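From first to last, the protein sequence lines are chains E and Z.
The opening position of the first sequence corresponds to residue 1 in the working numbering, with each subsequent residue numbered one higher.
The opening position of the second sequence corresponds to residue 1001 in the working numbering, with each subsequent residue numbered one higher.
What follows is a set of notes on a single structure, which appears directly below.
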Amino acid sequence: ETGVTQTPRHLVMGMTNKKSLKCEQHLGHNAMYWYKQSAKKPLELMFVYNFKEQTENNSVPSRFSPECPNSSHLFLHLHTLQPEDSALYLCASSQGTSGGAEDTQYFGPGTRLTVL
Amino acid sequence: EDQVTQSPEALRLQEGESSSLNCSYTVSGLRGLFWYRQDPGKGPEFLFTLYSAGEEKEKERLKATLTKKESFLHITAPKPEDSATYLCAVQDLNNFNKFYFGSGTKLNVKP
């Protein structure tokens, strides 16, 4: 595997379900990100992790719970979601977040989430 | 409020017809401006980073430029394979963890 991978690619869940999205990066990067992409709207930054530590939480509802066990893996745990949470969830990684070229983000293919 | 606006929302070109996409921003401080290409069903693919006004970067038929308030992505003699949504994003000078994206320009190049 190369680059940034995400599983599953598609997920349909009910509002009472609990599910998790997984992201893995094979680039040796130290920072990882979760974004939400809804139709006709800009990508919304949700969470940022640097060296496994959360450094940004963009006022995301608590029904979204991130987990970063190491610099290569990032999870997004989902529970009691709403239909308006249906979107493409993108994971990205970068070498760092120090304000230079290493901040360039590389994205995975995303997980298409549908909440019924 | 920090904001990134892209125009036009959609653009249809004939093959070989050059044009430009615009990204304007109103962030309090800009550390870097990024251009990405996104194909349907895929994640954004990195194209360029620009850091200061006057800077230009080129890659094949694409050239990105930056001023103090906006960036342009110039597409010279486009081909159908250039069809995609082009996204721009700015990195906050005051918080390198924050990135603001525009809604994108959907480009369709017809043969």
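The C-beta atom is built at its ideal place from N, Cα and C for all residues, glycine as well.
All values reported here derive from a predicted model rather than from experimental measurement.
Could you please give me the residues that DSSP links to residue i through a beta bridge?
i         : result
Gln1038/Z : Thr1085/Z
Val1027/Z : In DSSP, Val1027/Z forms no bridge with anything.
Arg9/E    : DSSP, once it has assigned bridges, lists no residue as partnering Arg9/E.
Met46/E   : For Met46/E, which the question treats as bridged, DSSP gives no partner whatsoever.
Lys1063/Z : Glu1058/Z, His1074/Z
Lys18/E   : His79/E
Interface residues of chain Z around residue i at Cβ under 9 Å?
i       : result
Glu56/E : Asn1095, Asn1097, Lys1098
Ser98/E : Phe1096
Residue i versus chain E: which residues are under 8 Å apart at the beta carbon?
i         : result
Pro1040/Z : Residues of chain E passing the Cβ test: none, with the nearest at roughly 11 Å.
Arg1012/Z : What Arg1012/Z touches in chain E: nothing, since even the nearest Cβ is about 18 Å away.
Val1004/Z : Pro42
Here's the rule I'm using: 16 or more other beta-carbon atoms within 10 Å means buried, otherwise exposed. How should residue i be labelled?
i         : result
Asp103/E  : buried
Glu56/E   : buried
Arg9/E    : exposed
Gly1104/Z : buried
Gly108/E  : buried
Arg1012/Z : exposed
Ala39/E   : exposed
Leu45/E   : buried
Pro42/E   : buried
Gln25/E   : buried
Thr114/E  : exposed
Gly1016/Z : exposed
Ala101/E  : exposed
Thr1044/Z : The residue you asked about is not Thr; residue 1044/Z is Pro in the sequence shown. Classification for Pro1044/Z: buried.
Lys1110/Z : exposed
Val12/E   : exposed
Gln1038/Z : buried
Can you pull the chain Z residues whose beta carbon is under 8 Å from the beta carbon of residue i, in chain order?
i       : result
Pro69/E : Result: empty, since nearest Cβ-Cβ is about 20 Å, beyond 8 Å.
Is any non-hydrogen atom of the ligand SAM found closer than 8 Å to the C-beta of residue i, if you look at the structure I gave you?
i         : result
Gly1032/Z : This structure lacks the ligand SAM, and indeed carries no ligand of any kind.
Using a C-beta to C-beta distance shorter than 7 Å, which residues of chain E count as neighbours of residue i?
i         : result
Pro1008/Z : By Cβ distance, chain E contributes nothing, its closest Cβ being about 14 Å from Pro1008/Z, past 7 Å.
Thr1113/Z : Not covered by the structure: residue 1113/Z. The range shown for chain Z is 1001 to 1111.
Gly1043/Z : Leu90, Phe107, Gly108, Pro109, Gly110
Val1090/Z : Result: empty, since nearest Cβ-Cβ is about 11 Å, beyond 7 Å.
Arg1037/Z : Per Cβ cutoff of 7 Å: no residues; Arg1037/Z is ~11 Å from chain E at best.
Phe1101/Z : Pro42, Leu43
Give the interface partners of residue i over in chain E, defined as CB-CB distance under 9 Å, in chain order.
i         : result
Phe1046/Z : Thr104, Gln105, Tyr106, Phe107
(request) Assess, as a yes-or-no matter, whether the stretch 1011-1031 of chain Z is touched by the stretch 1062-1078 of chain Z under the definition of 3 or more beta carbon pairs within less than 8 Å. (result) Three or more beta-carbon pairs drawn from the stretch 1062-1078 of chain Z and the stretch 1011-1031 of chain Z are found closer than 8 Å, and the two stretches are therefore classed as touching.
(message) Which residues of the stretch 104-116 of chain E have a Cβ closer than 9 Å to any Cβ of chain Z? Give them in chain order.
(response) Going along the stretch 104-116 of chain E in chain order, one finds Thr104, Gln105, Tyr106, Phe107, Gly108, Pro109, Gly110, Arg112 with a Cβ nearer than 9 Å to chain Z.
(message) Does the structure place the stretch 1002-1009 of chain Z close enough to the stretch 69-77 of chain E that three or more beta carbon pairs sit under 8 Å?
(response) These segments do not touch.
(request) Check whether the stretch 1082-1099 of chain Z touches the stretch 1022-1032 of chain Z, counting contact only when three or more Cβ pairs, one atom from each stretch, lie closer than 8 Å. (result) Using a Cβ-Cβ distance cut-off of 8 Å, the stretch 1082-1099 of chain Z and the stretch 1022-1032 of chain Z are in contact, since at least three pairs of beta carbons, one from each stretch, lie closer than that value.
(request) With 9 Å as the C-beta to C-beta threshold (strictly closer), list the residues of the stretch 72-97 of chain E near chain Z in chain order. (result) The residues in question are Leu88, Leu90, Cys91, Ala92, Gly96, Thr97.
(message) Residues of the stretch 33-59 of chain E in Cβ contact with chain Z at a cutoff of 9 Å, in chain order, please.
(response) Within the stretch 33-59 of chain E, the residues whose Cβ lies closer than 9 Å to some Cβ of chain Z are Tyr33, Tyr35, Gln37, Lys40, Lys41, Pro42, Leu43, Glu44, Leu45, Val48, Asn50, Thr55, Glu56, Asn58, listed in chain order.
(message) With three or more beta-carbon pairs closer than 8 Å as the criterion, would you say the stretch 23-38 of chain E touches the stretch 78-95 of chain E?
(response) Yes, the stretch 23-38 of chain E touches the stretch 78-95 of chain E.
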